[in-house]
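2 protein chains.
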Amino acid sequence: MTSSNPIVDALDAAGYRLTGPRRAVADLIAGYDGHFTAAELEAAAREHRVGVSRATLFRALELLTELHVVERLDLPGGEHAYVPCVRAHHHHLVCSRCGRVAEVEDCGLAEIVAEIARRSGYRIESHRLELFGLCRHCQAKAAPGA
Amino acid sequence: MTSSNPIVDALDAAGYRLTGPRRAVADLIAGYDGHFTAAELEAAAREHRVGVSRATLFRALELLTELHVVERLDLPGGEHAYVPCVRAHHHHLVCSRCGRVAEVEDCGLAEIVAEIARRSGYRIESHRLELFGLCRHCQAKAAPGA
DNA sequence: CTGACTATTGAGACCTGATCTCGACAAGCA
DNA sequence: TGCTTGTCGAGATCAGGTCTCAATAGTCAG
Ligand SMILES: [Zn+2]
Ligand SMILES: [Zn+2]
Ligand SMILES: [Zn+2]
Ligand SMILES: [Zn+2]
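Residue numbers (my numbering), protein chains in the order written: chain A, 618 to 763; chain B, 618 to 763.
Right, here's the structure in full:
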């Protein structure tokens, strides 16, 4: 298989060069279905013997964030994490135990935002909703007897 | 006037010592009605000739955040800012030009969150909604001819 | 009011996360 | 194949924040 990595595709479509480090980072990221930190990604790169310098890794994250194939999360504790992502506007539901992330569409939030704009007089340009909780799997593990 | 600073009151009510540095930080924070960064607060302290070390300043911010009289915001650009705050659960509407912050109550969000929980199977424990836009004042300045 | 007890402070080392600089390198194209 | 120029790596540097530990100062019992 010639990778068929959507992250690589996005890079290509946007006209960026498909370099070794970028492919490596894209492949590593595609392997996550929860969030990951820059440090974890760095460790994973080292473990897989792919040479990616710190600077390049952050450059790749920045680039992918601009292309909306990765998004940066602010966890409740204040840490930053990244999440592989679809391009459309949506929000994230993060399991605070295992880090698994579910994508959530707006489902009615837009109306609320409009109402807030009306009441406050602000012109609202963007919003961010982050939800934290326990995924089904972690609920089961957390309350085995209940 | 004996200050009557609600931040100081909160500290007192929670049983913390009312020290000089803490009062100074509380007074500085009470002076903001928009958000401020730790660096700005540090500069303000220096300017007002109140001696508060960096460590103490951050310790105070942490403490006040725990007491819910200050909240930490994650701005779209990734910077962290702090906002003087009321204790009840609510969200922030931030002017991306002048930094002015309006408090927004849930107004229907709880239902949406419940719906998301139902669909996803996650048990949602907390959420964070941040809204960014232009306040009325900055709208006027931004589009004077329109 | 005084002294003691302990929370709090300050100075500075340190840490993590991220950005910048700049010469070397290589992807993409003719 | 050979250029052109985008990208890379190494390491300095920065920002935001935490930690250590001896010194200081609230608070309160006496
Ligand atoms: Zn997403
Ligand atoms: Zn989970
Ligand atoms: Zn608030
Ligand atoms: Zn404004």
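Just so it is clear, CB atoms sit at the ideal spot from N, CA and C, and this is done for glycine as well.
Determine whether the Cβ of residue i lies closer than 8 Å to any Cβ atom of chain A.
{"i": "B:C724", "result": "yes"}
{"i": "B:D644", "result": "no"}
{"i": "B:S743", "result": "yes"}
{"i": "B:Q756", "result": "yes"}
{"i": "B:V730", "result": "yes"}
{"i": "B:P693", "result": "yes"}
{"i": "B:L658", "result": "no"}
Using beta-carbon positions only, say whether residue i and residue j come within less than 8 Å of one another.
{"i": "B:V669", "j": "B:A662", "result": "yes"}
{"i": "B:L681", "j": "B:H709", "result": "no"}
{"i": "A:E742", "j": "B:G750", "result": "yes"}
{"i": "A:G651", "j": "A:V721", "result": "no"}
{"i": "A:A631", "j": "A:L684", "result": "yes"}
{"i": "B:F653", "j": "B:A705", "result": "no"}
{"i": "B:L678", "j": "B:V686", "result": "no"}
{"i": "B:L748", "j": "A:V730", "result": "yes"}
{"i": "A:L746", "j": "B:L658", "result": "no"}
{"i": "A:N622", "j": "A:A655", "result": "no"}
{"i": "A:R753", "j": "B:G738", "result": "yes"}
For residue i, does the three-state DSSP call read helix, strand or coil?
{"i": "B:R666", "result": "coil"}
{"i": "B:L674", "result": "helix"}
{"i": "A:A727", "result": "helix"}
{"i": "B:S621", "result": "coil"}
{"i": "A:P638", "result": "helix"}
{"i": "B:L748", "result": "strand"}
{"i": "A:D626", "result": "helix"}
{"i": "A:E732", "result": "helix"}
{"i": "B:D650", "result": "coil"}
{"i": "A:R704", "result": "coil"}
{"i": "B:R753", "result": "helix"}
{"i": "A:S737", "result": "helix"}
{"i": "B:L684", "result": "coil"}
Let's test the definition: count the other Cβ atoms within 10 Å of the Cβ of residue i and tell me whether it reaches 16, buried, or not, exposed.
{"i": "A:D629", "result": "exposed"}
{"i": "B:G716", "result": "buried"}
{"i": "A:V703", "result": "exposed"}
{"i": "A:A643", "result": "buried"}
{"i": "A:C724", "result": "exposed"}
{"i": "A:R671", "result": "exposed"}
Under 8 Å, Cβ to Cβ, is there at least one residue of chain B near residue i?
{"i": "A:L628", "result": "no"}
{"i": "A:F749", "result": "yes"}
{"i": "A:Y739", "result": "yes"}
{"i": "A:V712", "result": "At residue 712 of chain A the sequence reads Cys, which differs from the Val that was named. Interface residue, yes."}
{"i": "A:R689", "result": "yes"}
{"i": "A:I624", "result": "no"}
{"i": "A:A698", "result": "no"}
{"i": "A:M618", "result": "Residue confidence is low: A:M618 scores 48 on pLDDT, short of 50, so the model does not pin down where it sits. Its coordinate-derived value is still stated next. Closer than 8 Å: no."}
{"i": "A:C752", "result": "yes"}
{"i": "A:V721", "result": "yes"}
{"i": "A:L746", "result": "yes"}
If you draw a straight line from the C-alpha of residue i to the C-alpha of residue j, how long is it?
{"i": "B:R740", "j": "A:A641", "result": "35 Å"}
{"i": "B:M618", "j": "B:E664", "result": "Confidence is the limiting factor: at B:M618 the pLDDT is only 49, short of 50, which leaves the residue's position unreliable and the question unanswerable from this model."}
{"i": "A:A627", "j": "A:R634", "result": "11 Å"}
{"i": "A:H744", "j": "B:E696", "result": "16 Å"}
{"i": "B:V667", "j": "B:V700", "result": "21 Å"}
{"i": "A:Q756", "j": "A:G694", "result": "20 Å"}
{"i": "A:V625", "j": "A:P638", "result": "11 Å"}
{"i": "B:L692", "j": "B:S713", "result": "9 Å"}
{"i": "A:A760", "j": "B:L726", "result": "27 Å"}
{"i": "A:A734", "j": "A:T636", "result": "44 Å"}
{"i": "A:L645", "j": "A:R736", "result": "45 Å"}
{"i": "A:H707", "j": "A:K758", "result": "28 Å"}
{"i": "B:E728", "j": "A:E728", "result": "13 Å"}
{"i": "A:Y649", "j": "B:Y649", "result": "41 Å"}
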